[in-house]
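Here's the structure we're looking at; comments come further down.
Protein chains in written order, with my numbering: chain V, 14 to 291; chain H, 775 to 1243.
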């Protein structure tokens, strides 16, 4: 399953947050980058259907191996008010792991995940086996029967990912999935996301550029509500605008530029061309 | 270990393993029922409901003359604490599941709405209302076994059960609309306030208060109009609370809603119950219907006619046995006492002629019989009804127009007069003559009572009437 955002605009009152976004997310892990206030959270909300775009639509489709569209699952005529925009998401199932989420502390881990499966329409009898499978996928099978309150922060984050996965969604959307985790937990969660991305479409919103280079095959960059980049990580890293990115910063600036990773350099150059700042 | 020893040990191991397996299977079943939260979230409140209802009704189990109207009324009277526990627990349950940042609040999750609400309410209602009914069962059985007087009142029972359902749904809706822990004590306080207002408001709030401020007795029955209205109110509250919780969850699945939208939802869903409550306050239905001319069983003793409700004919002798010793102690036939009736015969209007010389007795379901006949004969009531009468048995010291200082002869006389009814009461209860009658024999006191019974009943006794030492 792949998903396309077509001509999406979104405004909060008179303030336009997203400007005519066209973006296709394919199977694998896709990163979404952008400075604070650039509209990444709003775009994620549009993607999963929590907010309706002012105009435009979100269209899921089945992609062939060569990334061409095999069949759109549903695409209704776009209206000026975007009235059918959310309906245009068709039958695609979404799993969403927000940046901050909570679990009832007294609940067993397996029940929290199984309940997520149930609210997403899974028959009651299938919920617990599915939860056990999802927990195994995030390496928490041994914690299935313990209470949520006994888990560490990293384990909770993995429970969240299991809950996002448990109903077998076509598209899994993760909003800053490694924020607040220690380095070891962060590595585990990243490995897990890579593994999940082998079989389904995953969108990861993050501010950590290294995370994008380690996790994602493709990346989209938002700046001031516009999609200013949509390509592979390699393409982002290889952006070259000529000269120093830091402008007239002298020797110290040049040394700092040299210490940056390729993706950091590419990202900064890209924002420089847009006139944005991180 | 030999094969024989192994064979000998095997049955012992199996006997210890079997109960454990059985327990594990039962726990797994209970866990399945209570899913997704742990069993304690519903089992503990349910157990509490059982305890409070049992504690409150246990004294009634041993009553020799239970009344079906009272047993039926317990289905709503026991709401007082049970409803508070059920509503508050349902609120807590909802706050646990419906905080907007819970991971299972997933975008467009198809069961975030009516399916989730129905599932949770089914669970909560089954446990809490089930516990309530279980706790009331011993009372019903005891009433049946003791041959309860009258007949059960199914509408009254139903109204109590529906009040519990409404409490669960309301608590759940409150916890869903405002899924914060602080909502739990607020809900508890709200339920308590509702009960206090219901009790303090008397008949005014009877149509909407889950527990009535009075219980029906023999010869009374909760009015069908009131019951139907109460049932309508509780059903409306339950339906609207369920609708409100459903709406809120649906909105959560679509990213939540601003506060103003929540307020609008609450107002829309509260409209129907609010209209019903307003109607009940404007147009109050009668609390009870009474038997106007119930069948009676009567007998005469010492020229006094004793009557009880036909349903408790067996207690006629007990009534006579309770009152007759007082009459016997009184000595003469009292002028103003010609009849003693069971209270259950007198709920309706009584003919003025018939009421003359009539005193009532309360034949309680616990076997006790209460009458005020000794107090009436002593004149205590007559004088307390006319406390301003100067220089009479109930006249107070300040009434004698005196100086207000204690110890004057006038005051002493007034105090003596005021003490006369109390001394008569003590005498009628079987104690030796004392106070005003100290030193007198029983026949002397009886003669004095016979001579002064009119003065006692009209509260016109004067110091000249007092026995001379």
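We put the CB at the ideal spot given by N, CA and C, even for glycine.
Just to confirm the assignment, what range does the alpha helix (DSSP H) spanning residue i have?
i	result
residue 1249 (chain H)	It is not possible to answer for residue 1249 (chain H), since the shown part of chain H is limited to 775 through 1243.
residue 1039 (chain H)	1033 to 1056
residue 1228 (chain H)	1216 to 1232
residue 843 (chain H)	842 to 851
residue 200 (chain V)	196 to 210
residue 112 (chain V)	Segment: none, residue 112 (chain V) is in no alpha helix (DSSP H) and carries neither H nor E.
residue 9 (chain V)	No answer is possible for residue 9 (chain V): the residues shown for chain V start at 14 and end at 291.
residue 282 (chain V)	275 to 287
residue 835 (chain H)	814 to 835
residue 106 (chain V)	Counting along the chain, residue 106 (chain V) falls outside any alpha helix (DSSP H), and DSSP gives it neither H nor E.
For residue i, which beta-bridge partners are listed by DSSP?
i	result
residue 948 (chain H)	Paired residue(s): none; residue 948 (chain H) is not in a bridge.
residue 33 (chain V)	Bridge partners of residue 33 (chain V): none, in fact.
residue 48 (chain V)	Paired residues: none, contrary to the question.
residue 121 (chain V)	V:160
residue 959 (chain H)	Partner(s): none; residue 959 (chain H) has no beta bridge.
residue 1117 (chain H)	Answer is none; residue 1117 (chain H) lacks a bridge partner.
residue 43 (chain V)	V:216 and V:231
residue 923 (chain H)	H:841
residue 994 (chain H)	H:1064
residue 72 (chain V)	V:17
residue 236 (chain V)	V:239
Just the chain H side, please: which residues come within less than 7 Å of residue i by C-beta, in chain order?
i	result
residue 124 (chain V)	809 and 810
residue 129 (chain V)	877, 878 and 880
residue 218 (chain V)	Correct list: empty, because the minimum Cβ distance to chain H is about 15 Å.
residue 205 (chain V)	None at all; the shortest Cβ gap to chain H is about 16 Å.
residue 109 (chain V)	880 and 881
residue 287 (chain V)	Correct list: empty, because the minimum Cβ distance to chain H is about 29 Å.
residue 14 (chain V)	Going along chain H, no residue has its Cβ under 7 Å from residue 14 (chain V), so there is no contact; the nearest lies around 15 Å.
Between which two residues does the beta strand (DSSP E) holding residue i run?
i	result
residue 218 (chain V)	214 to 218
residue 1072 (chain H)	1070 to 1075
residue 1137 (chain H)	1132 to 1137
residue 1063 (chain H)	1062 to 1064
residue 19 (chain V)	15 to 25
residue 191 (chain V)	Premise fails: residue 191 (chain V) is in no beta strand (DSSP E) and is neither H nor E.
residue 244 (chain V)	239 to 245
residue 1101 (chain H)	Counting along the chain, residue 1101 (chain H) falls outside any beta strand (DSSP E), though it belongs to the alpha helix (DSSP H) covering 1090 to 1104.
residue 880 (chain H)	No beta strand (DSSP E) contains residue 880 (chain H), which DSSP labels as neither H nor E.
residue 1144 (chain H)	1143 to 1145
Please name the residue, chosen from the options, that lies closest to residue i on a Cα-to-Cα basis.
i	options	result
residue 974 (chain H)	H:961, H:988 and H:963	H:988
residue 1045 (chain H)	H:817, H:1007, H:1212 and H:883	H:1007
residue 1154 (chain H)	H:1109, H:1134, H:1200 and H:864	H:1200
residue 1035 (chain H)	H:1021, H:834 and H:847	H:1021
residue 802 (chain H)	V:124, V:62, V:22 and V:24	V:124
residue 237 (chain V)	V:52, V:37 and V:19	V:52
residue 856 (chain H)	H:1011, H:938, H:1087 and H:1056	H:938
residue 155 (chain V)	V:177, V:203 and V:122	V:122
residue 220 (chain V)	V:189, V:240 and V:140	V:189
residue 277 (chain V)	V:226, V:240 and V:235	V:226
residue 925 (chain H)	H:873, H:914, H:1239 and H:933	H:914
residue 25 (chain V)	V:134, V:141, V:56 and V:279	V:56
residue 281 (chain V)	V:243, V:131, V:113 and V:222	V:222
residue 904 (chain H)	H:824, H:794, H:1138 and H:963	H:824
residue 1013 (chain H)	H:831, H:895, H:1074 and H:1237	H:895
residue 1096 (chain H)	H:1147, H:1112, H:1077 and H:1129	H:1147
residue 754 (chain H)	H:1140, H:1126 and H:1071	Nothing can be reported for residue 754 (chain H), as the shown portion of chain H is limited to 775 through 1243.
residue 908 (chain H)	H:852, H:967 and H:946	H:852
For a contact defined as C-beta to C-beta under 8 Å, what are the partners of residue i on chain V?
i	result
residue 953 (chain H)	Within chain V, no residue comes near residue 953 (chain H); the closest Cβ sits about 10 Å away, beyond 8 Å.
residue 886 (chain H)	132
Using a Cβ cut-off of 7 Å, pull out every chain V residue sitting near residue i, in sequence order please.
i	result
residue 883 (chain H)	132 and 133
residue 801 (chain H)	By Cβ distance, chain V contributes nothing, its closest Cβ being about 12 Å from residue 801 (chain H), past 7 Å.
residue 1028 (chain H)	63
residue 1010 (chain H)	Those do not exist, as residue 1010 (chain H) stays about 28 Å from chain V at its closest Cβ, beyond 7 Å.
residue 890 (chain H)	132
Using the beta-carbon of each residue, which ones in chain H are nearer than 9 Å to residue i?
i	result
residue 113 (chain V)	875
Starting from residue i, find everything on chain H with Cβ-Cβ shorter than 8 Å and list it in chain order.
i	result
residue 117 (chain V)	811, 870, 871 and 876
Taking a Cβ distance cut-off of 7 Å, strictly less, list which residues of the segment 160 to 176 of chain V are near chain H, in chain order. 173 and 176
Going along the chain, which residues of the segment 32 to 58 of chain V sit with their C-beta nearer than 8 Å to a C-beta in chain H? 58
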